[in-house]
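For reference, the structure is listed below as structure tokens.
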Amino acid sequence: MTTYLKDKEYYSNLYDEGTVGRCRRTVEHYKKTAKTKDKLGQIKDRWSQVSLNLSLFFLKGERFADKETTIEKWMERGRQRDELLQTKPPTVYCPKCNQLMELGLANLETNFETEVDRVYFIFGCKSCKETRGLYANGEEYIFKGNLCPECNTKWESKHIKTAKKITTHNLCPKCGNKETYTLDLFPKPKEKEEPDPDFAKDKLEYCLSEEEGRKYVSYKYDLKNMVRIVDEFKDHQKNKVVYEKAQNIKQLSLADLSELLNKGLKKSNYVGLSITNPQVGKDLIINFSVQDDKVGRENYESCQMLRKALVKLLGGTNWKLMSDGVSYKLGVLTGRLRGQDDKDQIYEDLKSSLI
Ligand SMILES: [Zn+2]
Ligand SMILES: [Zn+2]
Numbered sequence: 018m019t020t021y022l023k024d025k026e027y028y029s030n031l032y033d034e035g036t037v038g039r040c041r042r043t044v045e046h047y048k049k050t051a052k053t054k055d056k057l058g059q060i061k062d063r064w065s066q067v068s069l070n071l072s073l074f075f076l077k078g079e080r081f082a083d084k085e086t087t088i089e090k091w092m093e094r095g096r097q098r099d100e101l102l103q104t105k106p107p108t109v110y111c112p113k114c115n116q117l118m119e120l121g122l123a124n125l126e127t128n129f130e131t132e133v134d135r136v137y138f139i140f141g142c143k144s145c146k147e148t149r150g151l152y153a154n155g156e157e158y159i160f161k162g163n164l165c166p167e168c169n170t171k172w173e174s175k176h177i178k179t180a181k182k183i184t185t186h187n188l189c190p191k192c193g194n195k196e197t198y199t200l201d202l203f204p205k206p207k208e209k210e211e212p213d214p215d216f217a218k219d220k221l222e223y224c225l226s227e228e229e230g231r232k233y234v235s236y237k238y239d240l241k242n243m244v245r246i247v248d249e250f251k252d253h254q255k256n257k258v259v260y261e262k263a264q265n266i267k268q269l270s271l272a273d274l275s276e277l278l279n280k281g282l283k284k285s286n287y288v289g290l291s292i293t294n295p296q297v298g299k300d301l302i303i304n305f306s307v308q309d310d311k312v313g314r315e316n317y318e319s320c321q322m323l324r325k326a327l328v329k330l331l332g333g334t335n336w337k338l339m340s341d342g343v344s345y346k347l348g349v350l351t352g353r354l355r356g357q358d359d360k361d362q363i364y365e366d367l368k369s370s371l372i
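Residues in the sequence shown are numbered from 18 upward in steps of one, following the numbering used here.
Spelled out as structure tokens, the structure:
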């Protein structure tokens, strides 16, 4: 049994009605605010006309782009609501005479803010006419109309029935609030809504065809790319020096690095380079150790000299000494180096190191 879920065509029409409505409102808005109009109220000033066309172009395109997912969402909601209505009602006894109560109806309550639906059941007692409402989890359902809106106290109600209508007088025993409403027993049938004479024409104009829609989507994709490329270009222009530096950086493999350091460090009397424990992540991180070969060079001085030598050797390459620096023990120095291979990342790092 389905109550809420309708076929796809229903939702497609509903969505198109929404699109036509929005486009019409946009046109109306521009007509109202246009500076010059002809006798028929059509926009004459060029600027308003151009802005209107642009607004419509994006509105129509975006409505097309969102259509499928919106319809899917609506249908899923309908499916869930139907499923909820299938929930098994709890067994309920009359609070007045303790008889088993009969299920009157199952209904949904919708919270418009959270869009969460809850099912509730209304039970009736055959012997004493008491009614009771419960949610599926057993929580009491409060009949909204049964409470005084001022203080949430239960109304004292009097019903006066005539041949044509029932008039209900509610009186709040706590705050004295009063309310009267009438139920028409023979309401006039609702007048049929006039069919919208322009709908078909407007739908053709405002709801994009499959082909037009796909064009818009690919256009939007190109536009986004273009904006990104222009932004990148502007950024590179602004940081020209850094950008060129990043572009000209020397990319050294681990073997290149090992050769460079072996030769270079020997000149400063650090020998026996060993590279261990390479860790591959976003960057490559390695541990290294060397021995100080210069007699009489102590801890502090040795560390300083090695740090200087490394900064000099690695300058202009994609490798650098990590911030924990170098440490010294009994003539052996150790530290960590980080190697990057992504030029964009090198550029970003260089840029942020200058700020
Ligand atoms: Zn009862
Ligand atoms: Zn009250």
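For glycine and all other residues, C-beta sits at the position ideal for the given N, C-alpha and C.
Small disclaimer: the values here were computed from a predicted structure and weren't measured.
Query, Result
"Could you check the C-alpha separation between leucine 290 and asparagine 279 for me, to the nearest Å?", "6 angstroms"
"What does a CB cutoff of less than 8 angstroms around glutamate 119 pick up in its chain, not counting 5 residues either side in sequence?", "Phe140, Gly141, Cys142 and Lys143"
"Considering only residues of the same chain and omitting the five flanking positions on each side of leucine 200, which have a CB-CB separation below 7 angstroms?", "Lys182 and Ile183"
"What's the call for arginine 80, buried or exposed, on a 16-neighbour Cβ count within 10 Å?", "buried"
"Give every residue of the same chain whose Cβ lies closer than 6 angstroms to the Cβ of aspartate 219, excluding the five residues on either side of it in the sequence, and list them in chain order.", "Val37"
"Take the Cβ of arginine 314 as the centre, count every other Cβ of all protein chains shown within 10 Å, and call the residue buried at 16 or more, exposed below.", "buried"
"If threonine 351 and serine 344 are in contact, beta carbons under 8 angstroms, what's the gap, nearest whole angstrom?", "6 angstroms"
"Should the stretch 353-368 be regarded as contacting the stretch 297-304, the criterion being three or more beta carbon pairs within less than 8 angstroms?", "yes"
"State the beta-bridge partners of arginine 353 as determined by DSSP.", "Asn304"
"For the structure I just gave you, are there three or more beta carbon pairs, one from the stretch 39-48 and one from the stretch 67-74, closer than 8 angstroms?", "yes"
"For isoleucine 139, which residues does DSSP report across the bridge?", "Leu122 and Gly150"
"If contact is defined by three or more beta carbon pairs under 8 angstroms, each pair taking one atom from either stretch, is the stretch 48-61 in contact with the stretch 226-234?", "no"
"As a quick check of your reading: which residues have a C-beta less than 7 angstroms from at least one non-hydrogen atom of ligand 1, in chain order?", "Cys111, Lys113, Cys114, Gln116, Cys142, Ser144, Cys145 and Glu147"
"Under 6 angstroms: does the beta carbon of lysine 171 sit that close to some heavy atom of ligand 2?", "no"
"Let me make sure I understand the geometry here. Which of Asn115, Glu318, Ser174 and Glu156 has the alpha-carbon closest to that of cysteine 145?", "Asn115"
"Count Cβ pairs between the stretch 245-256 and the stretch 57-71 that sit closer than 8 angstroms; are there 3 or more?", "no"
"Using C-beta distances below 6 angstroms, list every residue in its chain close to serine 319, excluding the 5 sequence neighbours before and after it, in chain order.", "Asp309 and Tyr345"
"Counting along the chain, where does the alpha helix (DSSP H) carrying leucine 164 start and finish?", "Unbroken run through leucine 164: none, as it is neither H nor E."
"Kindly indicate which residue of Glu126, Asp83 and Pro107 has the alpha-carbon position closest to the one of serine 29.", "Asp83"
"Return the bridge partner residues of leucine 188 from the DSSP annotation.", "Glu173 and Lys195"
"Beta carbon of aspartate 134, beta carbon of leucine 102: below 7 angstroms?", "no"
"Answer yes or no: do alanine 272 and isoleucine 363 have a C-beta to C-beta separation smaller than 7 angstroms?", "no"
"Have a look at glutamate 222 and arginine 42 and give me their C-alpha separation to the nearest angstrom.", "14 angstroms"
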